Structure formats: structure tokens, C-alpha cells
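If you read the sequences in order, they're chains A and B.
If you want our numbering, it's the 1-based position in the first sequence plus 592.
If you want our numbering, it's the 1-based position in the second sequence plus 3.
Taking it in order: structure first as C-alpha cells, then the write-up.
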Amino acid sequence: MEHFLDFALPGVPYGCTYALVAVCLVLTYQATGVFNFAFGAQAFASAFIFTWLTEYHGWSGWEAFLVSVVVFGPFLGWAFDRLLFRHIPNANSTAKMVCSLALLVGIPSLLPVVFGNQNLDATATIVPFFNPNVVYFTFLGTPVNGIYLSTISVTVVVLVLLTILLRYTTLGLQMRAAVESRRLVQLDGVNANGVVAIAWIVSSFMASLAGVLFAPNFGAFTSEDYVTLTVTAIAAAAWALLRSIPIAAAVAVFIGILTTLLQGYIPTTSFFYAAIIPSLPFLFLVGALVFLPKMRELDASRDPMATIDPPPPPIAATARAPQMDRIIRVLWWVLFAAFCVSMLTWMPDAWATVFNNGLTYSIVLLSITLITGMAGQLSLCQATLAGVGAFTAAQLANHLGLNLLVGGLVGAALAAAVAVVLALLSLRLKGLGLALMTLAAALLFDATFFNETSITGGPEGVSIQAKWLGTRAFFGFDGHAMFLLSLAVLVVAVVLVLLVRKGTVGRNLAAMRGSETATAGLGVNPSWQRIIVFALSGAIAGVGGLLHSLEQQVVSPTDWNADISLVLVVLVVTTSVTTVEGAIQAGIGFFVTEQVLTTVLPARIGASSLTVALFAFGALTYASHPEGVLEYQKRRSTARFERLFFSRGRGSPAGAEELPQAAMSTSNANG
Amino acid sequence: MADAPLLSLRGVCKSFGGVQAVSSVTFDVHAGESVGLVGPNGAGKTTLFNCVCGQLRPEEGEIVFDGVPLDGLPTYKRARLGIGRTYQKVEVFTDMSVQDHLMVAERARRGQGRLWRDLLNLSKPTREETERVDAILELVGIAHLAGTSVNALGLGNCRLVEVARALATEPKILLADEPSSGLDLHETAELAGVLRTVQRERGTAVLLVEHDLAMVAEVVDRTVVMDLGAMLAEGTFDEVMADPAVRAAYLGEMGAV
Chain A
593 MEHFLDFALP GVPYGCTYAL VAVCLVLTYQ ATGVFNFAFG AQAFASAFIF TWLTEYHGWS
653 GWEAFLVSVV VFGPFLGWAF DRLLFRHIPN ANSTAKMVCS LALLVGIPSL LPVVFGNQNL
713 DATATIVPFF NPNVVYFTFL GTPVNGIYLS TISVTVVVLV LLTILLRYTT LGLQMRAAVE
773 SRRLVQLDGV NANGVVAIAW IVSSFMASLA GVLFAPNFGA FTSEDYVTLT VTAIAAAAWA
833 LLRSIPIAAA VAVFIGILTT LLQGYIPTTS FFYAAIIPSL PFLFLVGALV FLPKMRELDA
893 SRDPMATIDP PPPPIAATAR APQMDRIIRV LWWVLFAAFC VSMLTWMPDA WATVFNNGLT
953 YSIVLLSITL ITGMAGQLSL CQATLAGVGA FTAAQLANHL GLNLLVGGLV GAALAAAVAV
1013 VLALLSLRLK GLGLALMTLA AALLFDATFF NETSITGGPE GVSIQAKWLG TRAFFGFDGH
1073 AMFLLSLAVL VVAVVLVLLV RKGTVGRNLA AMRGSETATA GLGVNPSWQR IIVFALSGAI
1133 AGVGGLLHSL EQQVVSPTDW NADISLVLVV LVVTTSVTTV EGAIQAGIGF FVTEQVLTTV
1193 LPARIGASSL TVALFAFGAL TYASHPEGVL EYQKRRSTAR FERLFFSRGR GSPAGAEELP
1253 QAAMSTSNAN G
Chain B
4 MADAPLLSLR GVCKSFGGVQ AVSSVTFDVH AGESVGLVGP NGAGKTTLFN CVCGQLRPEE
64 GEIVFDGVPL DGLPTYKRAR LGIGRTYQKV EVFTDMSVQD HLMVAERARR GQGRLWRDLL
124 NLSKPTREET ERVDAILELV GIAHLAGTSV NALGLGNCRL VEVARALATE PKILLADEPS
184 SGLDLHETAE LAGVLRTVQR ERGTAVLLVE HDLAMVAEVV DRTVVMDLGA MLAEGTFDEV
244 MADPAVRAAY LGEMGAV
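Right, here's the structure in full:
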């Protein structure tokens, strides 16, 4: 115990920055009902700008602090509220989560596009209050430097001010009231939009502050470093049930201290050092989700005025006129035939690879169609399941000589088994709780199995060898085998998803989206339905993962980490998460867009980052158009076309915006 | 009525924090019987329904349905025993058509939710299923709405959809929780007729929670009155309404005089 303080004290600055972001999460959730995953990204953006200004433009710490924290942070919060969340106050929790996930993915992708790729190194000037290189005093023999002092003092001051604001001011009271219903509070004469905007501004300022304080702990930093900040803050906020600011702050500081204590006491060569320490935030998060029953109630619809909202529009395919339907079907078949012929005849190899990537990604994305589109739940670990399938097949081929494609079936079964375990762990969770559980699982896999060289082959991954397949046909587009295989598997996956959607399971899932209580009251076992859909989704993701890795000729952990899981959700949500064509359009659209941007844009602007950013900003429209931007545009153009050529008047099903408003009251009308 | 009760509640208690929502409630409902459960707001009627259906677990007491103790059984297993329910706050499946609502119930009744049947495309509605669903819609009087999405229905029709959906499970008892709430006089009369028909022609027991006492008088054979979580009176509708304690609960002390 003699080194206890030596080990514990370095954890305090980490804990304080975790606490600031955890408090942001609680404050925003309490005031707006939005669980903002993007605070970590906001923190990174402020640290990025701060360092960019001080390192590359010679600004002083105070000037950079004013711009990146005092101006940029609150501006970002104001912009989020004014441009996005203010317009969707009554969207369901899944829609709000998707929007914040889109920001989480979009912001770090946009920064290199705007500022160019930068090697960020947090120097001494990053802390404007205290010099990080100076030891100001010793505490029980432990030196206390400027990083410790600045982080701790700033955190304490901010938390005290925030507590006073929330507990003892009228504004704080109005913030707490606004979360139930902005519209209801406005009926009492309160400017609810202004109150909520202040909550966003305050919390974003704190996130920016945390970002700038966090960076010196690393020196050179990337957006990856802020994942730990985000997840630890989420875990702390979860233990506070997204309600108590003091508990969130205390748990965050505790996690920070526990991390450095374990780092001190566990030998660095030990298995536990590599396995437990990186997993600590995820274990805390899973613990909160499993052991705190109130985490299951987070998604209860709270707006008493939700009943005045119009019903969601139908998807275009169900709303169009029969003549229009026939025309579109014929056009699709013609397009499909032309695509197949092109792929098998004249398509250049570069573009053939793009389309093959798109097809294989589409299979993985179909697994999201099942979970999110049909079951209405958000899974943030679909890339992990794809990785489980791919790595299993690769290792079975590598060590046991099993044909890679046969191993793919075993991998799919294992991915399904992992998905079932996740489903069992989260049987009583839905919405936010389920999203957090799946995110924790993805990060846990990243920190453990995917970080194990014997499984994944390290950062370079495992190269797929032709002998594992018994043929070279799948490599280099030789004989078009890869295209035919991808297409065949995609068709099977599409048929499976369609059959399930049209069958009893699909109908039960649709019913559960409307009212799980009433569905169970009819004799349907909701847990079983969820297990079925998770298993099927895991298997499809596993197969898709293997095929995509086969196309890449390498299985790498960075191809299937938690970040990719978030990107996958953003992709499919942008096109349409409710239709199978949405998954295919997202998969192909992503790679085609990337290829086009790579061709037309200068290399300085990362085409890949810009593609992700474009899709992320597309996903921001999910709350307004949960059917997907593409689906929305299809519905509009179909309606316009029908009005022109089939004389279908406004108010017809295709003119979906004109659907009569429901007068009923449902417990979670938007499901 | 001398045979074993279909639903038997013995000393059922449920509290939330310091509030005793249901306090030692004991009564029976026999097969084919129609029982009204009335009382002022906050009497514990819906909480009692939730205890019977498994959405809440009582802290004390025993609930037996058709000879089977319900302790620990999840909601869906209680439904499969033959307990159907409608909800005080309408619980419909957003985006689904009226016919599909009943199809979910029909499939649940027949225990057909297997994935392999879906994958072999054996889950298309059969003629038998469609006919059964149509018959129930006809009975409830909403056959003309079969293909309509519930998003486009008013509150009254949504309540009828709930009743039809519950009947599609062929329940032995139907727990109807304030089914006339939000309905006009005409719709209430129609709903009362449906419940009476269900009880008389199909032999389904009905346990009706309702504030509209005229409807209760028309539908039920017997009435149980609750107040502040406890049972206040039990008997025919006229008997309980003549009880001074019941009048006091409904109208205050002046009403009892």
C-alpha cells in the first residue's frame, strides 16, 4: 500500500475530465431527453482546434482557449440544438440516438477534411492556467504538477457552478421541466427553446473544456484517445441513472483512479493488465446495465403531448399506385440485369472491386435492417459480429485447414451465438439501454479478442491465402467468382430477411415496436422474438464480414471495430433502414461515393473521411425522416410522378404526407 | 356458480413505495360471468389488472386462473392460459393494419411463431385464419376497417381494435380496462353490446373496469367496488350502489347521507 497515492493520484486528472463529460451527458439528457454520444467528438474537436491554433499558428494558450472552448464549444452546442435537436423534440429515443451517433461519426471525419490531416501533439501551451511541467507542491510525497491542478480546480469550479444553476435557480427548474415536454412547458409561458438551448450551450462548453484538459495526458493524440473519454463518461452517467450529477462525477473520478491503481499494481506483463485495464469502462457500463433495473425504464415516452404528433409516413413501395409499382419493378429488373452484364463483361477492375465491396458490405448492412428496421432496436456491434465471422473462418482455415467458405458458416454460427448471448444479457433492455450494451460489447471485443495477436494477427490482420479456398478464383476478379459469390449470398440474405419480415416473426416484431406490453399480453414471448432476430442478424453479419474480408484479401481488426459499427449504422440509416434495398443502396453507395470523391478531389482532402462525413450528415435527417433520406425522396418523387401521369390526387396513399392524423393515444407511438 | 372459479384472487397486496395501491383484495370470477370492478380514481383497479396479467408482481396473496397459480408466470404465459386484456391507455401496434393486429393474436393463440415456418414461407395467412379474423371484426363491428392502418383511426375505433385483438386469442376471461374512456354515448352503447354478446354467445367471462356506471349496470352480473386499494363492497350493481360506504367513496360524505 506504500505506493497507493503514487498510483491513485495520476488517475485524478483523468477522472476529472471523465467527470466533466459524464456531467454533460446527464445535463443534456435531463434537459433535452437526448443522450448525446457526440460529446466525446466535441471534446476532440475543441482539442484539435486548440492544438492546431497553438502548434501551427503560434496563438497563445489564452487566445486559443477563448476560440476553441469559450466560443467554438458553446457555438457547436447552440448549432446542435438550433439546427437539429430543436426540430425533433418528440422523436423517439432511437431517432435521437442515431442523430447523436451521426455527429459522433461525422465530426472527427470532417475535421481532417476542413483542416487537413494533422499530427496533433498537445504541448505545454495547451493548459492556459498552470504550467504542466512545473511541480507546484507535493501531496503526501506525491508531486502535484500543473496538469493535476488545472484539471482538478477547473472541474471543481464548473461542477459547483452547475449544481447551483440546476438546484437553486429558476433556469435550472425550467431545464428539468422542459425534458418532459417542451410544448407543455411553453403552455406555462416558459421559453422552452431558450432554456434547452442554454442547456446545450453549457454542456457543450464543458465538453470542450474536458477535451482541452484531456489532451495533455496523452501528448500526441488522435480521435481514438477520446473513445475512452466517451465510454468512461457514459459508464459513469449510467451509474448515475442519467439523473444525478454528483454520482456521475464521483463514479467518473473513481474509474479514473481505479484505472491508474490497477495499472500500478498489476504487472505490465500480466494477461490481466492487457485484458482488464482497457476493458474497465466497458465493464462498468455493462454492470450498470445489468444491475440497475431503472436503466430499463430510460426509454419510456414522457411527452404528454405526443398524441398530437402526426403518424409516420409509409414507405414508398407500399404507397404507390399499382401502375407505378409495375413500372418501377420493371425498371429495377432492367437495372439489375444491366449491372450483372456490366460486371461480367466490360467493368474495369477498379470499379468491379468497388461494387464487390459494396455488395459484401450490403450483406452486413442487412443485419442492421433486421435489428433496427424490423425490431426497432439499435445495435452498435454489427461490425464486431462481422469480425467474429471473418476471424473465425480465417483462423479455422489457418490452423485446421478448413476451407474458408465452410469456415464462414462456422463463423456465422459463432457470430449468431455471440449475438444470442448479447440478447440474453439485454433481454429487459431496449432503446438506449440496448444500444449502450451493444456498444460496450463492441468496445470489449476491441480491447480483448480483437486486440489479441494470436486471434487477429495484430494491427495488420490476417492475410487470406488462396490455398484456404482451394482456388485463386476469388482473387483479382479472376473469373468473376467473387462477384457471383457475393451476389448469390446477398440474394439469399435478402430473401431470408423478406421472408422473416412477411412472416409471423416479422409481424410480432412490428407489433412489439408498437407496444411490447400488448404483444406479450396476446401470448407472444417478446424475449424469444428478440433472440431469434439477434441470432439471424449475427449470422448474416458474420457471413457478410467474411465475404468483405475475402474481397479485401485480409481480415484486420480495424476493419471491424466499434467505430465501423457506428459507421455501418450511419450508412444504412441514411438510405433506409426499413427496406432491404436501403441496405444495398447504402453498401454500394458508400463505396461508389468514396471512389468518385477519390477520383475528383485532391488527395489533401481525405475522400474516405469526407464520404463518412457526408453519410453522417445524411443520417442527421433520420429523426425527421426515419424511413431514410433516399426513401423520403423516393416517396416524394413517386407522388409527383403519379400526380403527373396517373392523375392521383393529393391525399392518395402516395401523397403520404397527407395521411390523416391519428386521434389515438399510444404509449410509445413512434415505437 | 358453485363450481371452481375461473379467476380467484386471495389477499392480493401491491404497494409502490409508501403507497398501498392494492390492499388484501379477495374475490372470484366464474366462467362465463361478467363482473364489474368499479371505484374512484386511484382505487387500484388497473394495478390489480396488472397483477393478474403479470405486468406487476403482487407482494402478498395468491392469484389462481383456471386452477393454475399465476405466481411467477410471465405475461405471455398468462395470456396463453386464456387471459385477454384491453388497456386503459390504448396500446395498439403503430403502423399495422387492423387485420394484422388480429393476425398477431391469432398466431399467438395457435403458438405459431417459428422461424423455420417463416423461412419456408408457410406463414402466409391461411383461409381459415382470415375467416376467423373477419368473423371477429364482424362481431365487434369494424369489419370495414380491416385493411386500415391504426394510425388513421380515432380513439373509439382503436378501443374496438383492442377488444377484437383480445378476442382473437379466444380468451376464457376478458379484462377490459375502461374501454369506454374517450368514447361518445353511441360508441359506448355499441361497445357495451359487444361485451354482452361476447359474454353470452361465446361464454367468455368479462372483468370490466369502468367509470361509466350506466355501462357497468348494462353489462355486468355482479360488481366489486374498490377504494384506496381495498375492497369496499361486492354484490349486484343495485346492491353495491345502495351501500352507503360506496356512495361515500364516490360522492363524498354528503352523498352518503
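Where is the CB? At the ideal position from N, CA and C, for every residue including glycine.
Computed from a predicted structure; not experimentally measured.
Out of Q1225(A), A942(A), A694(A), D817(A), which has the shortest C-alpha to C-alpha gap to Q1187(A)? In the first sequence, counting from the first residue as 1, residue 1187(A) sits at position 595. Comparing Cα positions, the closest option is A942(A).
Does the beta carbon of P77(B) sit closer than 9 Å to a beta carbon anywhere in chain A? Residue mapping note: residue 77(B) aligns to position 74 of the second sequence, counting from 1. Yes - at least one Cβ of chain A is within 9 Å of the one on P77(B).
Leaving out five residues before and five after L1079(A) in sequence, what residues of the same chain have Cβ atoms less than 7 Å from its Cβ? Counting from 1 along the first sequence, the entry for residue 1079(A) is found at position 487. Hits under 7 Å: L951.
Distance, Cα to Cα, I919(A) vs S100(B)? In the first sequence, counting from the first residue as 1, residue 919(A) sits at position 327. In the second sequence, counting from the first residue as 1, residue 100(B) sits at position 97. Those two C-alpha atoms are separated by around 26 Å.
Report the residue ranges of all alpha helix (DSSP H) runs contained in full by the segment 909-979 of chain A; include only those spanning at least 4 residues, in chain order. 914-936, 941-960
Measuring alpha carbon to alpha carbon, tell me which residue in L992(A), I837(A), S836(A), W1152(A) is nearest T1048(A). Residue numbering aside, residue 1048(A) sits at position 456 when the first sequence is read from its first letter. Checking every option, the nearest Cα to that of T1048(A) belongs to W1152(A).
Out of A1015(A), R1099(A), L1142(A), M1074(A), point me to the one whose CA is closest to A989(A)'s CA. Taking the first residue of the first sequence as position 1, residue 989(A) is located at position 397. Of A1015(A), R1099(A), L1142(A), M1074(A), the residue nearest in Cα terms is L1142(A).
Determine, using beta carbons only, whether I955(A) and H1072(A) come nearer to each other than 9 Å. Your numbering for residue 955(A) matches position 363 in the first sequence. Your numbering for residue 1072(A) matches position 480 in the first sequence. No, Cβ-Cβ distance for I955(A) and H1072(A) is not below 9 Å.
If you measure from the beta carbon of N628(A) to each beta carbon in chain B, is any gap under 9 Å? By 1-based counting over the first sequence, the position of residue 628(A) is 36. So no, N628(A) is outside the interface.
Less than 9 Å between the C-beta atoms of F672(A) and A630(A), yes or no? Translated into the one-based positions of the first sequence, residue 672(A) becomes position 80. Translated into the one-based positions of the first sequence, residue 630(A) becomes position 38. A contact, by the Cβ cut-off of 9 Å.
Quick one, are the C-beta atoms of S183(B) and R168(B) less than 9 Å apart? Mapped onto the second sequence, residue 183(B) falls at position 180. Mapped onto the second sequence, residue 168(B) falls at position 165. Taking 9 Å as the Cβ cut-off, S183(B) and R168(B) do not qualify as a contacting pair.
Euclidean distance between Cα positions of A633(A) and L1001(A): In the first sequence, residue 633(A) corresponds to position 41, counting from 1. In the first sequence, residue 1001(A) corresponds to position 409, counting from 1. If you take the alpha carbons of A633(A) and L1001(A), they lie about 37 Å apart.
Closer than 9 Å to chain A by CB, S18(B): Counted from its first residue, the second sequence places residue 18(B) at position 15. No, no contact with chain A.
Can you confirm whether L118(B), when its beta carbon is compared against all beta carbons of chain A, has any partner nearer than 9 Å? Start at 1 with the first residue of the second sequence, and residue 118(B) comes out as number 115. True, the Cβ-Cβ gap to chain A drops below 9 Å.
With C-beta atoms as the reference, is A82(B) less than 9 Å away from P8(B)? If you number the second sequence from 1, residue 82(B) lands on position 79. If you number the second sequence from 1, residue 8(B) lands on position 5. No, they are not a contact pair.
Would you say L1193(A) reaches chain B, if we count a Cβ-Cβ gap shorter than 9 Å as a contact? Working through the first sequence from its first residue, we reach residue 1193(A) at position 601. No, L1193(A) lies away from the interface with chain B (no Cβ there is under 9 Å from its Cβ).
How many Å lie between A841(A) and E1108(A) at the Cα? In the first sequence, counting from the first residue as 1, residue 841(A) sits at position 249. In the first sequence, counting from the first residue as 1, residue 1108(A) sits at position 516. Going from the Cα of A841(A) to the Cα of E1108(A) covers about 34 Å.
Would you mind stating whether L198(B) and V228(B) have Cβ atoms separated by less than 9 Å? Position 195 of the second sequence, counted from the start, is the residue given in the question as residue 198(B). Position 225 of the second sequence, counted from the start, is the residue given in the question as residue 228(B). The answer is no: Cβ separation not under 9 Å.
Nearest to A1175(A) by alpha carbon, out of V1086(A), A1112(A), G1130(A)? Translated into the one-based positions of the first sequence, residue 1175(A) becomes position 583. Of the candidates V1086(A), A1112(A), G1130(A), the one whose C-alpha sits nearest the C-alpha of A1175(A) is V1086(A).
Opening and closing residue of the alpha helix (DSSP H) in which T762(A) lies: Numbered from 1 along the first sequence, position 170 holds the residue referred to as residue 762(A). It spans 762-770 - the alpha helix (DSSP H) in which T762(A) sits, taken as one unbroken run.
When P128(B), L194(B), L188(B) are compared against E165(B), the one with the closest alpha-carbon: Taking the first residue of the second sequence as 1, we reach residue 165(B) at position 162. Answer by Cα proximity: L194(B).
Where A1133(A) and A233(B) are concerned, what is the direct C-alpha to C-alpha distance, given to the nearest angstrom? Residue 1133(A) sits at position 541 when you count from the first residue of the first sequence. Residue 233(B) sits at position 230 when you count from the first residue of the second sequence. Taking the straight line from one Cα to the other gives about 54 Å.
Going by DSSP in three states, P8(B) sits in which element: helix, strand or coil? For the purposes of this step, residue 8(B) is identified with residue 5 of the second sequence, where counting begins at 1. Reduced to three states, the DSSP call for P8(B) is coil.
Could you list which residues in chain A have their beta carbon closer than 8 Å to that of L122(B), in chain order? Stepping through the second sequence from its first residue, residue 122(B) is reached at position 119. Simply L1088, L1091, V1092, G1095.
Near-chain A residues of the segment 89-108 of chain B (beta-carbon distance less than 8 Å), N- to C-terminal order: Y90, K92, V93, E94, V95, F96, T97, D98, M99, D103, H104, M106, V107, A108
Quick one, are the C-beta atoms of T1096(A) and R117(B) less than 9 Å apart? Looking up residue 1096(A) in the first sequence gives position 504. Looking up residue 117(B) in the second sequence gives position 114. Taking 9 Å as the Cβ cut-off, T1096(A) and R117(B) qualify as a contacting pair.
If T791(A) and M767(A) are in contact, beta carbons under 8 Å, what's the gap, nearest whole angstrom? Position 199 of the first sequence holds residue 791(A). Position 175 of the first sequence holds residue 767(A). The question names Thr, but residue 791(A) is Ala in the sequence shown. The Cβ separation is near 5 Å, so the contact holds.
Determine the direct distance from the alpha carbon of T820(A) to that of G1106(A), and round the result to whole angstroms. To locate residue 1106(A), count along the first sequence from 1; it is residue 514. To locate residue 820(A), count along the first sequence from 1; it is residue 228. Spanning the two alpha carbons is a distance of roughly 35 Å.
Taking only the alpha-carbon atoms, compute the straight-line gap between V1184(A) and L1024(A) and give it to the nearest angstrom. Translated into the one-based positions of the first sequence, residue 1184(A) becomes position 592. Translated into the one-based positions of the first sequence, residue 1024(A) becomes position 432. About 32 Å.
Please state the DSSP three-state secondary structure of S1107(A). Position 515 of the first sequence, counted from the first residue, corresponds to residue 1107(A). Correct three-state label for S1107(A): coil.
Rounded to a whole number of angstroms, what is the C-alpha to C-alpha distance between A1127(A) and A1007(A)? Numbered from 1 along the first sequence, position 535 holds the residue referred to as residue 1127(A). Numbered from 1 along the first sequence, position 415 holds the residue referred to as residue 1007(A). Whole-angstrom Cα-Cα distance: 8 Å.
Chain B partners of L1082(A), CB-CB under 7 Å? Locating residue 1082(A) in the first sequence gives position 490, where the first residue counts as 1. Within chain B, no residue comes near L1082(A); the closest Cβ sits about 17 Å away, beyond 7 Å.
Using a Cβ-Cβ distance cut-off of 9 Å, determine whether R1105(A) contacts chain D. Here chain D cannot be found, since the structure's protein chains are A and B.
6 Å CB neighbourhood of M864(A) in its chain, flanking five on each side removed: In the first sequence, the residue the question calls residue 864(A) occupies position 272. The sequence shown places Phe at residue 864(A), rather than the Met named in the question. For F864(A), where only same-chain residues beyond five positions count, the Cβ hits under 6 Å are I858.
Would you say E1250(A) lies against chain B (beta-carbon separation less than 9 Å)? Numbered from its first residue, the first sequence carries residue 1250(A) at position 658. Reliability fails at E1250(A), whose pLDDT of 38 lies under 50, so the model's placement of it is uncertain and the value that follows must be treated cautiously. Not one chain B Cβ lies under 9 Å of E1250(A).
Does the distance from the CB of G968(A) to the CB of M1104(A) come in under 9 Å? The residue labelled residue 968(A) in the question sits at position 376 within the first sequence. The residue labelled residue 1104(A) in the question sits at position 512 within the first sequence. In contact: G968(A) and M1104(A) (Cβ atoms closer than 9 Å).
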